[in-house]
Amino acid sequence: MPHRYRRDRRCRMSVTNTVDAARLNLLLNELRLPAIKVLWAQFAEQSDKEGWPAGRFLATIAEHEIAERGRRRIERHLVEARLPAGKTFDSFDFEAVPMISKAQVMALAAGDSWLGKGANLLLFGPPGGGKSHLAAAIGLALIENGWRVLFTRTTDLVQKLQLARRELNLEAAINRLDRFDLLILDDLAYVTKDQAETSVLFELISARYERRSMLITANQPFGEWNRVFPDPAMTLAAIDRLVHHATIVEMNVESYRRRTALERKRGPGRPPSHATPKTVAD
Ligand code: ADP
Ligand code: MG
Numbered sequence: 001m002p003h004r005y006r007r008d009r010r011c012r013m014s015v016t017n018t019v020d021a022a023r024l025n026l027l028l029n030e031l032r033l034p035a036i037k038v039l040w041a042q043f044a045e046q047s048d049k050e051g052w053p054a055g056r057f058l059a060t061i062a063e064h065e066i067a068e069r070g071r072r073r074i075e076r077h078l079v080e081a082r083l084p085a086g087k088t089f090d091s092f093d094f095e096a097v098p099m100i101s102k103a104q105v106m107a108l109a110a111g112d113s114w115l116g117k118g119a120n121l122l123l124f125g126p127p128g129g130g131k132s133h134l135a136a137a138i139g140l141a142l143i144e145n146g147w148r149v150l151f152t153r154t155t156d157l158v159q160k161l162q163l164a165r166r167e168l169n170l171e172a173a174i175n176r177l178d179r180f181d182l183l184i185l186d187d188l189a190y191v192t193k194d195q196a197e198t199s200v201l202f203e204l205i206s207a208r209y210e211r212r213s214m215l216i217t218a219n220q221p222f223g224e225w226n227r228v229f230p231d232p233a234m235t236l237a238a239i240d241r242l243v244h245h246a247t248i249v250e251m252n253v254e255s256y257r258r259r260t261a262l263e264r265k266r267g268p269g270r271p272p273s274h275a276t277p278k279t280v281a282d
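Using full-length UniProt numbering, read the sequence shown as starting at 1 and increasing by one per residue.
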């Protein structure tokens, strides 16, 4: 009875496949290969149908696992970076800061030319000029390019390092920050007087010098930095280390918030704000 025999065989095969699949899923769990676990059945079917050599099937699913790992790593790096939301290059109007070369910023956002050697980037300019936005956009692009970044307000980080110092853990806390290729310290000049009396910021700068990069934003270029460090000699030493290998960008533009508010008030079809006399009231 050939007909019955065929049906039996089909039945046996499908049972075997189910058992194989269950076993394989357990093995893939054990090996921590979640992408292959999701994808193997679909590729196995294609492979069977198209008669792929076994090597091609294996390479294809391995490639998917690697690509998925890369995506998950970048997702983790995005979470740990604590970037402010929505501050991207797409939402940044480069025309508002004509002194900045977009090409230069894009080169910095690739990271290779400076992060490998621990060079720094310093962004100076008055409040509202887009320093934090630009810093965050650069950080985001760097993460997408595979680098690890931490964005923090300088006062928050100084507070954490002060706590670590009180617990005799400062060195370990600074070492833990080594995992970040770039540390973005937003608003350096907002370090408070009591924070300035400890030298944790100086120790951080010294520890990263020529090894790990920092991006620092500040309203005031170096003139006002005496407030940030315990004494003038330390201020000089800190500046010396920071600028030794650094790109310095001055964003001396009118507050973007104020500009856009004025433009809204003026309505469409009127002259843009940069053509407006300085006497316009706030
Ligand atoms: P700063 O850090 O220099 O004080 P911010 O980056 O916080 O300035 O900018 C203030 C606000 O204006 C933010 O909401 C920011 O997104 C926006 N902004 C500033 N500059 C620009 C720009 N060139 N293009 C788009 N938005 C900008
Ligand atoms: Mg800011």
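From the three backbone atoms N, C-alpha and C, an ideal C-beta is built for every residue, glycine too.
Just so we're clear, the structure is a prediction, and the values are computed from it rather than from any experiment.
Endpoints, the alpha helix (DSSP H) within which residue i is located
i: V79; result: 54–81
i: V38; result: 34–50
i: K265; result: 256–266
i: L108; result: 102–110
With 16 other Cβ atoms within 10 Å as the buried cut-off, status of residue i
i: N29; result: exposed
i: residue 291; result: Past the boundaries of the shown model lies residue 291; the chain is included only from 1 to 282, so the question cannot be answered.
i: V228; result: buried
i: L26; result: exposed
i: V79; result: exposed
i: R208; result: buried
i: M99; result: exposed
i: S91; result: exposed
i: S101; result: exposed
i: L83; result: buried
i: L31; result: exposed
i: R212; result: buried
i: V280; result: Reliability of the predicted coordinates at V280 is poor, the pLDDT of 31 falling under 50, and the value obtained from them is presented with this limitation in mind. Answer is exposed; the Cβ neighbour count stays below 16.
i: T235; result: buried
i: residue 295; result: The displayed coordinates of the chain run from 1 to 282. Any statement about residue 295 would go beyond what the structure contains.
i: G116; result: exposed
i: L185; result: buried
i: V97; result: buried
i: A172; result: exposed
Alpha carbon of residue i to alpha carbon of residue j, nearest angstrom
i: K265; j: R259; result: 10 Å
i: L183; j: L204; result: 10 Å
i: R9; j: T18; result: Residue placement at R9 is flagged as unreliable, the pLDDT there being 48, under the threshold of 50; a coordinate-derived value is accordingly withheld.
i: V105; j: P126; result: 19 Å
i: D282; j: V249; result: Unreliable placement is indicated for D282, whose pLDDT of 32 sits below 50; the coordinate value is still reported in the next sentence. Answer to the nearest angstrom: the Cα atoms are 26 Å apart.
i: H77; j: N145; result: 11 Å
i: L142; j: D20; result: 43 Å
i: L168; j: D181; result: 25 Å
i: V253; j: A246; result: 21 Å
i: N226; j: P232; result: 6 Å
i: N37; j: F57; result: In the sequence as presented, Asn is not what sits at residue 37; that position holds Lys. Going from the Cα of K37 to the Cα of F57 covers about 14 Å.
i: D187; j: A62; result: 45 Å
i: R165; j: G139; result: 28 Å
i: residue 309; j: I66; result: Because the chain in this structure spans residues 1 to 282, residue 309 falls outside the shown range and cannot be described.
i: A261; j: E75; result: 35 Å
i: Q42; j: R72; result: 22 Å
i: A109; j: E95; result: 18 Å
i: P2; j: G70; result: For P2, the predicted structure reports a pLDDT of 48, less than 50, and the residue's modelled location is therefore unreliable. The matter cannot be settled from this model.
i: S255; j: R179; result: 34 Å
i: V200; j: T154; result: 11 Å
i: L177; j: R23; result: 42 Å
i: E68; j: V149; result: 21 Å
i: L170; j: F89; result: 35 Å
i: W52; j: W147; result: 37 Å
i: L39; j: A59; result: 13 Å
i: I239; j: N175; result: 21 Å
i: V191; j: P34; result: 45 Å
i: L163; j: F202; result: 15 Å
Checklist entry - Which whole runs of the beta strand (DSSP E) in the UniProt domain "AAA+ ATPase" (117–249) are 3 residues long or more, in chain order? => result 120–124, 149–153, 182–186, 213–218
Next on the checklist: Count Cβ pairs between the segment 111–130 and the segment 29–47 that sit closer than 8 Å; are there 3 or more?
Outcome noted: no
Next on the checklist: Three or more C-beta pairs under 8 Å: does that hold for the segment 156–169 against the segment 190–204?
Outcome noted: yes
Next on the checklist: Whether or not the segment 131–138 and the segment 212–222 are in contact is what I'm after, with contact meaning three or more pairs of Cβ atoms, one per stretch, closer than 8 Å; do they touch?
Outcome noted: yes
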